[in-house]
Every structure is written in C-alpha cells, then in structure tokens.
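Going letter by letter, the sequence shown gives residues 1 to 249 in the UniProt record's numbering.
Worksheet: the structure to be examined is printed underneath.
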Amino acid sequence: MDFTTLITKEINSHRGEEDDDDFASSWALIRRGQAGRVQTALEGSKVNLECSVITSDAEVKVDWILPDLSIVEEATNKIEISETGQLVILNATLSDSGLYHCIIKTKAGVDLMPLRLTVKERSLSPTAFNGQKITVQKGGSFALPCEVSSVQPSQIMWYLPKHQVLLPTQQTRRAEVMENGTLVVRKLTPDDVGEYSCLASNLYGVDMLSHMVEVTGEKSSDKSKLFCHFCELPLAVACLKILTHYSAK
1 MDFTTLITKE INSHRGEEDD DDFASSWALI RRGQAGRVQT ALEGSKVNLE CSVITSDAEV
61 KVDWILPDLS IVEEATNKIE ISETGQLVIL NATLSDSGLY HCIIKTKAGV DLMPLRLTVK
121 ERSLSPTAFN GQKITVQKGG SFALPCEVSS VQPSQIMWYL PKHQVLLPTQ QTRRAEVMEN
181 GTLVVRKLTP DDVGEYSCLA SNLYGVDMLS HMVEVTGEKS SDKSKLFCHF CELPLAVACL
241 KILTHYSAK
C-alpha cells in the first residue's frame, strides 16, 4: 500500500460516516508554517512533533501516520500521542528518520500535514565522514561555509564535538554560525578536535557533510576554508577546499 492509497482509503471510509445535517457545523484545520515541520534530533533523545489544530469541535482527534505508512493506534514504550496531539518519540533511533503526517478528520472533510524528522547518530563511524580532514594549528581559526540552494526552504544545522548543536545566528564563546550558514570557530584548543557536520534538510530530503578537524602545535599563518554547496532537490552536496593566507595577529 502506498501513501496515496492509504489516504484515499481514509477519506472514503470517513465519508461513509458523514451526517449531512452536521456537515457545516464541524470543521478543523491544521496550522501551516515552516517552524517545526523539519526537525533534527540526536540519537537517543526525546522528540516531540507538533500538530496545532484550529477547530469548531473540541472532540476532533489527531492521528499520526508513520514513515512506514502505519497509523498510531495506541501508545507503546516507544511512541505516544499527547493530549494536545503531539507525537512523542522516546529514545529516538536512526530508523525513526523519515516523513511523518498528522491527520484530522471531521464531518466537513480531512486535513493532513507532513513533517520530516532526521535522527543523527551521536558518533559517526569512520566510513561516514564524507567531507575533508582538516588540520588547524592551536590558537588558529577556521570557517566552514554551508550554502544551500533548493526550490523549497531548507534548514541548516551544525553539529560540533561533544554533541553541541548550532543553528544560523547562534553562537558559543568561540564558535558561531553566521546568517548564511557559515560556521566559524576561533582560538582552537585540543578540545575542538572531532566531528563537524553540516546537515541540510527540508520536507523533501536531507543531506549531511561531515568533516574531521585535528588541532596541532601552535598557530600558523594559514586558514583553511571548506566551501560546501548543497544542490537542488534531492539534496546533494559538493565540497571544495580552498587554502587562504592571512597575517597572524
């Protein structure tokens, strides 16, 4: 059974239950918006997928269709639906990644909305590193641009060592993600050694580019930049390493 067959079956079964006298008095709509429709979570974390409903009927029930097209019938030790209609996933695993749909049914019809979830493993295997191995001198800095071009809006997220997560315009004491998605890390120390991954996702797909950064010796006069470009849907990535020179201050 594919998605179209499943939804058609749901709508047809619902139409058989309609009462013409109550058709116009019961309605419900799912709030649209980009926020929350594309989510990324670390493996082992708790995930909440939102489905905000506007309705004339307080008894309207929110159902969820999972990526394998099964419908959540009841709570399990893995998944549940909250009183407000949120889908709650406990101890998320890589297999939970995919396209979810929240669906509501009233006498006036059916509405549904897709949401994409990407679960990232906490520690990548050596074969998962598809970017560059970068060596930076202690006290130096580096910049990793992450440019996305796609028809649909996309979300950029950077994963740093020790499971730090940064979104565009966010920053820590020595690291920040610029508005254009570029990650800048300054005054490197041995604690900055590890995985740096840029993840781009939208409702239609997801792609990730992962680099390994090593910190050695003292600061040099070279600054490494990785220019990474995510192409049209489905998301794909290409990377070009450019070495620029600057004067140490």
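Where a beta carbon is used, it is the ideal one built from N, C-alpha and C, also for glycine.
Pair within 7 Å by beta-carbon distance, residue i and residue j
| i | j | result |
| --- | --- | --- |
| E121 | E179 | no |
| I104 | V72 | no |
| L117 | Q39 | yes |
| S197 | K107 | no |
| A41 | V119 | yes |
| G181 | P168 | yes |
| R31 | S56 | no |
Limits of the beta strand (DSSP E) - the one that residue i falls within
| i | result |
| --- | --- |
| D191 | Where D191 is concerned, there is no enclosing beta strand (DSSP E), given that its DSSP letter is neither H nor E. |
| residue 313 | Nothing about residue 313 can be read from this structure; the chain reaches only from 1 to 249. |
| E147 | 146 to 148 |
| G36 | Element bounds for G36: n/a, residue is neither H nor E. |
| V165 | 164 to 166 |
| T172 | Element bounds for T172: n/a, residue is neither H nor E. |
| A28 | 28 to 30 |
| V62 | 62 to 65 |
Nearest-angstrom beta carbon gap, residue j and residue i [assumed within contact, 8 Å]
| i | j | result |
| --- | --- | --- |
| L183 | L144 | 5 Å |
| A175 | V165 | Actually they are not in contact, since the Cβ atoms of A175 and V165 sit about 11 Å apart, beyond 8 Å. |
| S210 | N91 | With 8 Å as the limit, S210 and N91 do not qualify as a contact, their Cβ atoms being about 23 Å apart. |
| Y159 | L199 | 7 Å |
| L112 | Q86 | Incorrect: roughly 16 Å between the Cβ atoms, too far for contact. |
Own chain residues within Cβ distance below 7 Å of residue i, not counting five before or after
| i | result |
| --- | --- |
| L188 | V136, K138, G139, G140, S141, V215 |
| D192 | P161, V185, V213, V215 |
| G217 | Q137, K138 |
| D82 | In the sequence as presented, Asp is not what sits at residue 82; that position holds Ser. For S82, where only same-chain residues beyond five positions count, the Cβ hits under 7 Å are V88. |
| L66 | V72, Y100 |
Same chain, Cβ closer than 6 Å to residue i, neighbours up to 5 away in sequence not counted
| i | result |
| --- | --- |
| E80 | V88 |
| I54 | L29 |
| S220 | Confidence at S220 is low in this model, with a pLDDT of 49, below 50, so the placement of that residue should be treated as unreliable; the coordinate-derived value is given next. Cβ within range, chain order: Q137. |
Cβ-based neighbour list, residue i, same chain, cut-off 8 Å, excluding 5 preceding and 5 following
| i | result |
| --- | --- |
| N202 | V38, R116, S150, Q152, P153, S154, Q155, L233, L235 |
| G36 | L49, E50, L115 |
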